[in-house]
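Student:
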Amino acid sequence: MQKGLIGKKIGMTQIFDDNGNVIPVTVVEAGPCTVVQKKTVENDGYEAVQVGFGEVKISRVNKPQAGHFKKADVAPKKVLKEFRLADTSTLNVGDILKADVFAVGDRVDVVGTSKGKGTAGAIKRWNFSRLKETHGSGPVARHAGSLGACSDPSRVFKGKKLAGHLGAERVTVQNLDIVKVDAENNLIAVKGAIPGPKGGIVVLADTVKSK
909 MQKGLIGKKI
919 GMTQIFDDNG
929 NVIPVTVVEA
939 GPCTVVQKKT
949 VENDGYEAVQ
959 VGFGEVKISR
969 VNKPQAGHFK
979 KADVAPKKVL
989 KEFRLADTST
999 LNVGDILKAD
1009 VFAVGDRVDV
1019 VGTSKGKGTA
1029 GAIKRWNFSR
1039 LKETHGSGPV
1049 ARHAGSLGAC
1059 SDPSRVFKGK
1069 KLAGHLGAER
1079 VTVQNLDIVK
1089 VDAENNLIAV
1099 KGAIPGPKGG
1109 IVVLADTVKS
1119 K
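What follows is the structure, encoded as structure tokens:
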């Protein structure tokens, strides 16, 4: 990984390229992020930088966190995230990373927490088909249907797709193009949709499956 940032999803819009084609984009407020800690092979067994994003009152962090930020001489941050960068020699504690870390044309993987949808049925959760609503099928058109076999194995196998909790989980969308970078306002326009609601925290990093 060469670069990465923590950001906040602003929302979706569309922009036009030079040929007048419409490009759907998601706008992300990426940074400013502050380097809070630098991990080395000698001390930690690996190289990485810990980055913080979002301001928070000192009264909102516990004592261990407050000591962590005080040691780095950095204002308390709302979100902390580690990035294992290929080269951390140019970064030091207290450095500020902004949206211009990325450039137009870069491809990124975006990680976020999907929208929580509560308890959902099998149709909404797993895209099951409906039953027919004629000829006496009864009020079970959206039910899951038969669950398992008869006397053997006399149970329902683990992993069966059933109704249950949907959403509110970590989701990664890969290979998204960066269409526009506004370094002055720390805004990045990413082509396509990314997980999570407006205002949700997302992480942008170099794609791992680039062509």
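Each residue of the sequence shown is one higher than the one before, starting from 909 at the first, in the working numbering.
Glycine is no exception: its CB is placed at the ideal position from the N, C-alpha and C atoms.
Rounding to the nearest angstrom, what Cα-Cα distance links Pro-984 and Val-959 in this structure?
Tutor: For the purposes of this step, residue 984 is taken as residue 76 along the sequence shown, with counting starting at 1. For the purposes of this step, residue 959 is taken as residue 51 along the sequence shown, with counting starting at 1. Cα to Cα, Pro-984 sits roughly 11 Å from Val-959.
Student: Excluding sequence positions up to five away, which residues of its chain have a Cβ less than 8 Å from the Cβ of Gln-945?
Tutor: Start at 1 with the first residue of the sequence shown, and residue 945 comes out as number 37. For Gln-945, where only same-chain residues beyond five positions count, the Cβ hits under 8 Å are Val-957, Gln-958, His-976, Ala-980 and Val-1001.
Student: Just to confirm my understanding: we take Gln-922, look at its own chain, exclude 5 residues before and 5 after, and list those with CB closer than 6 Å. What are they?
Tutor: Position 14 of the sequence shown, counting from 1, holds the residue named residue 922. Same-chain partners within the cutoff: Val-930 and Pro-932.
Student: Can you say whether Ile-1004 is buried or exposed, counting buried as having 16 or more other CB atoms within 10 angstroms of its CB?
Tutor: Translated into positions along the sequence shown, residue 1004 becomes position 96. That one is exposed.
Student: At which residues does the alpha helix (DSSP H) containing Ala-980 begin and terminate?
Tutor: Here residue 980 refers to the residue found at position 72 of the sequence shown. 971 to 980 is the extent of the alpha helix (DSSP H) around Ala-980.
Student: I'd like the span of the alpha helix (DSSP H) that includes Glu-990, first residue to last.
Tutor: Walking along the sequence shown from the start, residue 990 turns up at place 82. Going by DSSP, Glu-990 is part of no alpha helix (DSSP H) but of the beta strand (DSSP E) stretching over 985 to 991.
Student: Run the CB neighbour count on Val-1018, radius 10 Å, all protein chains shown included, and call it buried at 16 or more, exposed below.
Tutor: Within the sequence shown, the letter at position 110 stands for residue 1018. Val-1018 should be labelled buried.
Student: Within 10 Å of its beta-carbon, does Lys-1117 have 16 or more other beta-carbons around it, so buried, or fewer, so exposed?
Tutor: As a working note, residue 1117 is residue 209 in the sequence shown. Looking at its Cβ environment, which holds fewer than 16 other Cβ atoms inside 10 Å, Lys-1117 is exposed.
Student: Considering just the uninterrupted stretch of the beta strand (DSSP E) at Lys-1117, what are its terminal residues?
Tutor: Numbered from its first residue, the sequence shown carries residue 1117 at position 209. First-last for Lys-1117: undefined, no H or E at that position.
Student: DSSP three-state label for Val-1009, please.
Tutor: Here residue 1009 is taken as the residue at index 101 of the sequence shown, counted from 1. Correct three-state label for Val-1009: helix.
Student: Count the other C-beta atoms from every protein chain shown that fall within 10 angstroms of the C-beta of Gly-1107, then say buried if there are 16 or more, exposed otherwise.
Tutor: Working through the sequence shown from its first residue, we reach residue 1107 at position 199. Looking at its Cβ environment, which holds fewer than 16 other Cβ atoms inside 10 Å, Gly-1107 is exposed.
Student: In whole angstroms, give me the CA-to-CA distance for Ala-1007 and Gly-1075.
Tutor: Against the sequence shown, residue 1007 aligns to sequence position 99. Against the sequence shown, residue 1075 aligns to sequence position 167. Roughly 29 Å between the two C-alpha positions.
Student: Please name the residue in Val-1110, Thr-934 and Ala-1028 whose C-alpha comes closest to that of Arg-1050.
Tutor: Within the sequence shown, residue 1050 is the residue found at index 142, counting from 1. Among Val-1110, Thr-934 and Ala-1028, the Cα nearest to that of Arg-1050 is on Ala-1028.
Student: Run through the DSSP bridge pairs and tell me what Val-959 is partnered with.
Tutor: As a working mapping, residue 959 is identified with position 51 in the sequence shown. Beta-bridge pairing links Val-959 to Val-943 and Lys-989.
Student: Candidates Leu-993, Lys-1023, Ile-1109 and Ile-1031: which alpha carbon is nearest Val-1009's?
Tutor: Along the sequence shown, one-based indexing puts residue 1009 at 101. Cα-wise, what sits closest to Val-1009 is Leu-993.
Student: Only counting the same chain, and skipping five residues up and downstream in sequence, which positions put a Cβ closer than 7 Å to that of Asp-1060?
Tutor: Stepping through the sequence shown from its first residue, residue 1060 is reached at position 152. The answer is none, since no qualifying residue turns up.
Student: So for Gly-1031, helix, strand or coil by DSSP?
Tutor: Residue 1031 sits at position 123 when you count from the first residue of the sequence shown. Residue 1031 is actually Ile in this sequence, not Gly. DSSP places Ile-1031 in helix when its eight states are reduced to three.
Student: Helix, strand or coil: which one does DSSP assign to Glu-950?
Tutor: Stepping through the sequence shown from its first residue, residue 950 is reached at position 42. Note: Glu-950 maps to helix in three-state DSSP.
Student: Rounded to a whole number of angstroms, what is the C-alpha to C-alpha distance between Lys-1025 and Arg-1078?
Tutor: Locating residue 1025 in the sequence shown gives position 117, counting from the first residue. Locating residue 1078 in the sequence shown gives position 170, counting from the first residue. Each residue's Cα considered, the two are about 14 Å apart.
Student: Using CA atoms only, rank isn't needed, just tell me which of Glu-937, Pro-1103 and Glu-955 is closest to Thr-1021.
Tutor: Residue 1021 sits at position 113 when you count from the first residue of the sequence shown. If we check each option's Cα against that of Thr-1021, Pro-1103 comes out closest.
Student: What do you reckon, are the CB atoms on Thr-1115 and Arg-1015 nearer than 9 Å?
Tutor: Here residue 1115 is taken as the residue at index 207 of the sequence shown, counted from 1. Here residue 1015 is taken as the residue at index 107 of the sequence shown, counted from 1. Yes; because the gap between Cβ atoms is below 9 Å, this pair is in contact.
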